[in-house]
Amino acid sequence: MNARAPKGTADMLPEVARTWEHLQRTAQTLFARYGYAPVYTPLFEHTEVFTRGIGEATDIVSKEMYTFQDKGGRSITLRPEGTASVVRAALEHNLTANGQSAKLYYAGPMFRYERPQKGRMRQFWQIGLEALGMPEPSLDAEVIIVLMRFFDELGLPRENMRLLINSMGDEACRPVYRDRVASFIREHSDGLCEECNRRAETNPLRAFDCKNPQCSQIMSEAPLLRDELCDDCAAHYATVKRLLDAAGVSYIEDPSLVRGLDYYTRTVFEVQVDAGLGSQNAIGGGGRYDRLMQEYGGPATPGLGFALGFERTMLAMQAAGVIVPGPALAEVYVALVEPSLADAAFTLAQELRDAGIAVEMDHQGRSLKSQFKQADRLGARVVAIVGPEEIAAGEVTLRDMTTKEESRVSLGDIAGQARTLLG
RNA sequence: GUGGGUGUAGCUCAGUUGGUUAGAGCGCCGGACUGUGGCUCCGGAGGCCGCGGGUUCAAGUCCCGUUACCCACCCCA
Numbered sequence: 007m008n009a010r011a012p013k014g015t016a017d018m019l020p021e022v023a024r025t026w027e028h029l030q031r032t033a034q035t036l037f038a039r040y041g042y043a044p045v046y047t048p049l050f051e052h053t054e055v056f057t058r059g060i061g062e063a064t065d066i067v068s069k070e071m072y073t074f075q076d077k078g079g080r081s082i083t084l085r086p087e088g089t090a091s092v093v094r095a096a097l098e099h100n101l102t103a104n105g106q107s108a109k110l111y112y113a114g115p116m117f118r119y120e121r122p123q124k125g126r127m128r129q130f131w132q133i134g135l136e137a138l139g140m141p142e143p144s145l146d147a148e149v150i151i152v153l154m155r156f157f158d159e160l161g162l163p164r165e166n167m168r169l170l171i172n173s174m175g176d177e178a179c180r181p182v183y184r185d186r187v188a189s190f191i192r193e194h195s196d197g198l199c200e201e202c203n204r205r206a207e208t209n210p211l212r213a214f215d216c217k218n219p220q221c222s223q224i225m226s227e228a229p230l231l232r233d234e235l236c237d238d239c240a241a242h243y244a245t246v247k248r249l250l251d252a253a254g255v256s257y258i259e260d261p262s263l264v265r266g267l268d269y270y271t272r273t274v275f276e277v278q279v280d281a282g283l284g285s286q287n288a289i290g291g292g293g294r295y296d297r298l299m300q301e302y303g304g305p306a307t308p309g310l311g312f313a314l315g316f317e318r319t320m321l322a323m324q325a326a327g328v329i330v331p332g333p334a335l336a337e338v339y340v341a342l343v344e345p346s347l348a349d350a351a352f353t354l355a356q357e358l359r360d361a362g363i364a365v366e367m368d369h370q371g372r373s374l375k376s377q378f379k380q381a382d383r384l385g386a387r388v389v390a391i392v393g394p395e396e397i398a399a400g401e402v403t404l405r406d407m408t409t410k411e412e413s414r415v416s417l418g419d420i421a422g423q424a425r426t427l428l429g
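Going by our numbering, the letters in the first sequence line up with residues 7 to 429, in that order.
Right under this line is the structure:
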């Protein structure tokens, strides 16, 4: 058989998995401090959840989804992102009925059918949070601040990161602006690439994202939504910025920041780094989506959130030289001098573990020297030596690996003595 | 989907104009130190040289095909 993980997926071996869990713990603790509660939604949904939510014209929906028919003939799609599912779940369970709000976070794998490259996988992890039912701009600021604090807590230096923000307007001002950009593209169709010309009809705002230098040159002359926001949107955006300023979170206003999902309204943001991600640069992003729940047939319910990529965050951490210290794999190592003492050593190890101490021992009859090497490798601070002399006396030798001091301890006192040595 | 690069020991990689039993470093196991780690030294185990075909007296090395991975385009986490 083919003993290889499928294209675009990766096994997380212990060294990486430990850092992974560190990210999760960091997120859980931080998000809880801001009042967010965990939510788990299915890894797959009815395809419609994504086509309607994210938008037919987006890259995600038009070419990146893992869609299949199940045995009941339903069209099912592996989730390409988290927000759509969370909003669907909130609607299904009436979490935001009668003016209630919900603050939720999630973590798990997402799936997009793409050619893998650095920082881009077919299965990748995101952790994200959503604040539903609240239109106030203070929530926008809160969500952005949580995202930045997460990177702070991981030890990613701010100077290697930048926060971009923009406002996409709402149903009052965006359609007007959108038409204006579409007209602009048509007026300059000669100079713009084929793709951008197509965008005039499908999603004109995406033309701002085009990496073709000539296109971006021309698009830099295009009208900016910032100058055409309606009064409500302008006021909302101003408050968000004021609160970010007050929190000491610096940002760059980027009028060309559009983001690839159709559901965004008003505030959008993205965190970029400049090293470690290959040709990618975004490690997290999000925005407000005040019309999404309506799109699912629910009541008008505002919401916003962010998602951040685990793999990319880890790449950025690596590039920034951030080291996550792993816990010792063993606090006490039980070493046996000769194979005949295996049972005694086994019993001792078990007693120590029952006393709450992390213990490892050799099961394969290795030399004592080899056992010490192993103890060293595992980071054990104490080695309990089970030898014939000791056992005859009902004792064990405890060696403090840092000071190299050894003492004989009677079998009954080992857990207590070990604990003292471990501090 | 398109393009480029790379597949040799568990890992990182050498391998000269094709030429005998394919190497190094790290890691692993053992020993020097007959009951003891992190340093040093010595020894050892471990290799369908991605796969299939071709050229040749002879292929890890050249040619063709294929596959996997990596990187890039598009776009995003």
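C-beta: ideal position from N, C-alpha, C; glycine also.
All values reported here derive from a predicted model rather than from experimental measurement.
By Cβ distance, which residues of its chain are closer than 8 Å to residue i, with the 5 residues on each side in sequence left out?
i	result
T208	A63
V264	N172, M174, L211, R212, F214, D215 and V274
E357	I420 and A421
Q220	G197, L198 and C199
Q30	A113 and I133
T15	M127, R128 and Q129
N287	Q278, V279 and D280
S373	none
Alpha carbon to alpha carbon, what distance is there between residue j and residue i?
i	j	result
E87	F117	8 Å
V279	N166	6 Å
V72	S81	Looking at the sequence provided, one finds Tyr at residue 72 rather than Val. Cα to Cα, Y72 sits roughly 10 Å from S81.
F352	I151	50 Å
P229	Y269	22 Å
R58	R387	57 Å
P343	Q324	For the record, residue 343 in the displayed sequence is Val; it is not Pro. Cα to Cα, V343 sits roughly 41 Å from Q324.
V277	L169	5 Å
G290	G78	36 Å
A398	V340	17 Å
G282	P122	16 Å
S91	L97	10 Å
T47	R126	23 Å
S285	R318	12 Å
L515	L49	With the chain represented from 7 up to 429, any question about residue 515 goes unanswered, as that position is not in the structure.
R359	A424	11 Å
R294	R155	19 Å
E26	Y183	The question names Glu, yet the displayed sequence has Trp at residue 26. Going by the C-alpha atoms only, they are around 42 Å apart.
D349	A355	10 Å
For residue i, count neighbouring C-beta atoms within 10 Å of its own C-beta (all shown protein chains included) and say buried if the count is 16 or more, exposed if not.
i	result
I258	exposed
P143	buried
Y112	buried
R128	buried
K410	exposed
E401	buried
Q300	exposed
S195	exposed
H242	buried
E51	buried
A95	buried
F37	buried
A11	exposed
A326	buried
R39	exposed
Q2	Because the chain in this structure spans residues 7 to 429, residue 2 falls outside the shown range and cannot be described.
Could you tell me which residues DSSP pairs with residue i in its beta bridges?
i	result
P115	W131
L138	A108 and G309
T273	S173
R372	According to DSSP, which records beta bridges pairwise, R372 is partnered with nothing at all.
G292	F275 and F312
V246	DSSP output for V246 lists no bridge partner at all.
E412	R405
I258	L170
R383	BP columns for R383 are empty, so no partner.
Can you list, in chain order, the residues of its chain with a C-beta nearer than 6 Å to that of residue i? Leave out the 5 residues immediately preceding and following it.
i	result
C236	A178 and C179
R414	E401 and T403
N203	S195
L153	G290 and F312
M225	A213 and F214
I'd like the list of long-range same chain contacts for residue i, defined as Cβ closer than 7 Å, with 5 residues on each side in sequence excluded.
i	result
V161	Val is not the amino acid found at residue 161; the sequence shown has Gly there. Same-chain partners within the cutoff: V328.
Y42	K109, L110, Y111 and L135
H28	V330
S416	G400 and E401
L384	A334, L335, A336, Y339 and E366
T53	T73, S81, I82 and T83
Worksheet item: Mind pulling the alpha helix (DSSP H) runs of 4 or more residues that sit fully within the segment 179 to 243?
Response: 180 to 193, 200 to 208 and 219 to 225
Discussion item. In chain order, what are the residue ranges of uninterrupted beta strand (DSSP E) at least 3 long that sit wholly in the segment 13 to 95?
Written reply: 50 to 52, 72 to 75 and 81 to 84
Practice prompt. Just list the beta strand (DSSP E) runs in the segment 317 to 367, keeping only unbroken ones of 3 residues or longer that don't cross its boundaries, in chain order.
Written response: 338 to 342 and 365 to 367
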